[in-house]
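Trainee: Please see the structure below; I have some questions.
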Amino acid sequence: SEAKLKEGVFVGPDIRKMMFNINFENTMTRNKKEAWVLFKEVVTKFLGNSKDPEYVTIVANMLNKFEKLGCLMSLKIQFFNSHLDYFPENLGDFSEEQGGRFHQDIKLMEKR
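Each residue of the sequence shown is one higher than the one before, counting from 185 in the numbering used here.
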């Protein structure tokens, strides 16, 4: 929705569209483009159908780059970063329904 775009909130389908939009990267500064490339690497090498053996380093590089840009880490990202080994090898094989359950579990944790 337009409100989500203004706030910078993207969900799976939006992110996939942006990943294949060549013009999107051309609008970025060098530092933002580097962060975007690292984000895409996490999507393909960690969140995809198989985990890269170097997934811990790949995720750390992305988080460090976003931190240097001044991005704040939400509770969901802190949980994600602290529990990388919790995620299965074939994360990309999980359905949207299973992903929704994960987000519901995180919401419960945030309320505690």
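For every residue, glycine included, the Cβ atom is placed at its ideal position computed from N, Cα and C.
(1) In chain order, which continuous runs of the alpha helix (DSSP H) of length 4 or greater are located wholly inside the stretch 191-223?
(2) Assign residue 281 to one of two classes, buried (16 or more other C-beta atoms within 10 Å of its C-beta) or exposed (fewer than that).
(3) Along the alpha helix (DSSP H) that carries residue 250, what are the first and last residues, could you check?
(4) So, with DSSP's three-state summary, where would you put residue 236?
(5) Given this structure, state the Cα-to-Cα distance separating residue 252 from residue 227, to the nearest angstrom.
(6) In three-state DSSP terms, what is residue 263?
(7) Quick check on the burial criterion: 16 or more other C-beta atoms within 10 angstroms. Buried or exposed for residue 205?
(8) Quick check: the Cα distance between residue 235 and residue 220, rounded to an integer number of angstroms?
(9) Would you kindly check if the distance between the Cβ of residue 224 and the Cβ of residue 203 is under 8 Å?
Mentor: To lay it out plainly:
(1) 196-203, 206-210
(2) Reliability of the predicted coordinates at residue 281 is poor, the pLDDT of 48 falling under 50, and the value obtained from them is presented with this limitation in mind. Under this definition residue 281 is an exposed residue.
(3) 239-252
(4) coil
(5) 20 Å
(6) helix
(7) exposed
(8) 19 Å
(9) yes
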